[in-house]
Each structure stands twice: as C-alpha cells, then as structure tokens.
C-alpha cells in the first residue's frame, strides 16, 4: 500500500487525483493539501470526492505528518510547485510532478532537486499519450523528408500555457527522431510569413474553448496522403490514474529525474 499526499487538492485536477488514489487498490490518501485560506481547509475530504471510507480533512502541508506519506503528487502552477518541491526535498519525499509551463530556470531547479529525491516529471500522465509519443517518432523516422509536420492541440478555456506541455512533448519527440534541435524548428506564429513553409519545421496551432479536457493531433502530410495520430481525453481521471500509477512505481526508486516513459517501461 502506497500512501499519497496531494497538493492543490481543492482544484479540479487535485480532486481527480484524490479520487484516483482512493479508488486504486494499492494506494490510500495520506494528505489532501490546500492553502489555509481555502474554503476547503479543515473540511472532510470524503464527501467532496464521493467517498465514505476517507476520514481525512483538507489540511496545510506544512503541518503534515511526513512519516505517514510515501509519495507526493503535484499538478499545481509553477510557483506553487517549486515551493512544494522545497518541502519534498527537505523531508526526502519522492514527488510526482505534472506541472506544465515551466521556464528553463524553473526546470533547472527541478533537475537539481532530483539529485536528492526521486521525481517523475511528465507533461502528460496518460498512458495513451505516452504511447502516441512512441508512434510519432516511428512516423517521423519512416516517412520521407518532404513531409509537412504540424501539431494541433485543444484545451479548456482556463488553461494558461500555450502550446500545451503535451503538444511540446510531441514536437520534441518528433524533432528527436528527425535529428533536429526542437527550438530551432518550432514555429508558433506565421502571421508575418510571406513565403512557403519549410519541411524542416514543426508548426503548432492551439484552441482554447469551453471545457475541452485535452486533444492532441500530430499531422504528417505529403502530396497525396496524410497521416494523423490523435489522442483525445474525455476525463481528467485518465491523467490522475496515470499519476497514481507513477507514484506507486516511484516509491522504491533511487534519486533521479524520471518520466512516464520510464514508468511504462518504454525506455
């Protein structure tokens, strides 16, 4: 049995993580952490996630009983995640991180922390998306060099970073397979272009609307045919279940920085 503490437990993803932890046969909720100013603070977790078994209340992580926690999970925004990461390092607790939109400096801090504790960091914890990352690499290696490559993604209106972390992960996987430096070939805006696109680039397009959980498509198009590899998520539970799976895998790993490809044995 793995005991999991969840940061940002009052949010939509946080509640999904609590539900996934509660439903998994090999895990249990050891902490549901919120700010003391939150309306959820000190109220019972069970009724919020539809559980009659969970007797915990939402609490402040700074007063957590760390001996009762095996792994922490964090899908909060970058600034909050970094604060939580300091807590994890101080108490030598493994951490699963699904925070997106990290700057180079923020990611460097995550890498530094991984020298002390084991961390699984992934932009997407869906098993399907991680399989897609393998498929797009196969396509990039197999198809001819005159192929046009584009990545499309759609999310709900509240998502802040664009392109999404998952879209970037798809583009980076393609660039790696092609032997390209991603930052040199990524195109985010063609507003001022006055010439035909190059085949040595990866274009990104973004949609933000309504309550779309997450859709990603990699396009490989040539004159005469088009290959589309698509993943559509209909529930946040897909990501939450993957994160809980990652937490169970991470519990006994040595310090280091891992990703969902490691968890699934794709590497």
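Numbering (full-length UniProt numbering), first residue to last: 1 to 267. Beta carbons are placed, not taken as given, at the ideal position from N, Cα and C, and that holds for glycine. Everything numeric in this text was worked out from a predicted model, so none of it was measured.
Verify whether the separation of the beta carbon atoms of residue 43 and residue 18 is less than 8 Å.
-> no
Return the Cβ separation of residue 270 and residue 2 in integer angstroms, given the expectation that the two are a contact with Cβ distance under 8 Å.
-> Here the chain comprises residues numbered 1 to 267, so residue 270 is not present and cannot be evaluated.
Is it the case that the Cβ atoms of residue 76 and residue 129 are separated by a distance below 8 Å?
-> Here residue 76 is not near residue 129, since their CB atoms are 8 Å or more apart.
Contact between the region 214–231 and the region 102–109 (3+ Cβ pairs under 8 Å) = No, they do not touch.
Can you name the residues that DSSP bridges to residue 257?
-> Answer by DSSP bridge pairing, in chain order: 119.
Where residue 241 falls, given that 16 or more other Cβ within 10 Å makes a residue buried = buried
Counting pairs of beta carbons, one from the region 5–16 and one from the region 67–76, are three or more of them closer than 8 Å?
-> yes
Given a cut-off of 8 Å, decide if residue 244 and residue 27 are closer than it, judged by their beta-carbon atoms.
-> yes
Runs of alpha helix (DSSP H) wholly within the UniProt domain "Dihydrodipicolinate reductase N-terminal" (2–125) (minimum 4 residues, chain order) | 12–23, 45–49, 78–90 and 104–113
Unbroken alpha helix (DSSP H) run spanning residue 184, endpoints = 182–185
Where residue 186 and residue 202 are concerned, what is the direct C-alpha to C-alpha distance, given to the nearest angstrom?
-> 5 Å
Out of curiosity, what's the CA-to-CA distance linking residue 260 and residue 246?
-> 7 Å
Given residue 93 as reference, the closest of 102, 33, 113 and 100 once Cα atoms are compared = 113
Using 8 Å as the Cβ pair cut-off and three pairs as the minimum, do the region 124–143 and the region 167–185 touch?
-> yes
Entirely within the UniProt domain "Dihydrodipicolinate reductase C-terminal" (128–264) and at least 3 residues each: give me those beta strand (DSSP E) ranges in chain order.
-> Fully enclosed beta strand (DSSP E) runs of 3 or longer: 148–155, 202–208, 214–222, 225–233 and 256–258.
Cβ pair count under 8 Å reaching 3, the region 220–229 against the region 140–154 = Short answer: they touch.
Span separating the alpha-carbon of residue 151 from that of residue 168 | 9 Å
Assign residue 90 to one of two classes, buried (16 or more other C-beta atoms within 10 Å of its C-beta) or exposed (fewer than that).
-> exposed
Does residue 89 come within less than 8 Å of chain D when only Cβ atoms are used?
-> Going by chain labels, chain D is absent from the structure shown, which holds only one protein chain.
Which whole-angstrom value is the C-beta distance of residue 161 and residue 100, which I expect to be below 8 Å?
-> Contact between residue 161 and residue 100 holds, since their C-beta atoms are separated by about 5 Å, short of 8 Å.
So is residue 274 buried or exposed if we call it buried at 16+ other beta carbons inside 10 Å?
-> This structure leaves residue 274 out entirely; the chain is present only between 1 and 267.
Do you know offhand how far residue 56's Cα is from residue 84's?
-> A straight line joining the alpha-carbon of residue 56 with that of residue 84 spans about 20 Å.
CA-to-CA distance, residue 34 to residue 45, given in whole angstroms | 11 Å
Since residue 268 contacts residue 72 with CB under 8 Å, what's their CB separation in whole angstroms?
-> Past the edges of the chain, shown from 1 to 267, lies residue 268, and the structure says nothing about it.
Beta-carbon spacing of residue 126, residue 239 below 8 Å = yes
Use the C-beta contact count for residue 122: other C-beta atoms within 10 angstroms, 16 or more gives buried, fewer gives exposed.
-> buried
Taking the alpha-carbon positions, what's the residue 16 to residue 32 distance?
-> Using only the alpha carbons, I get a separation of about 12 Å.
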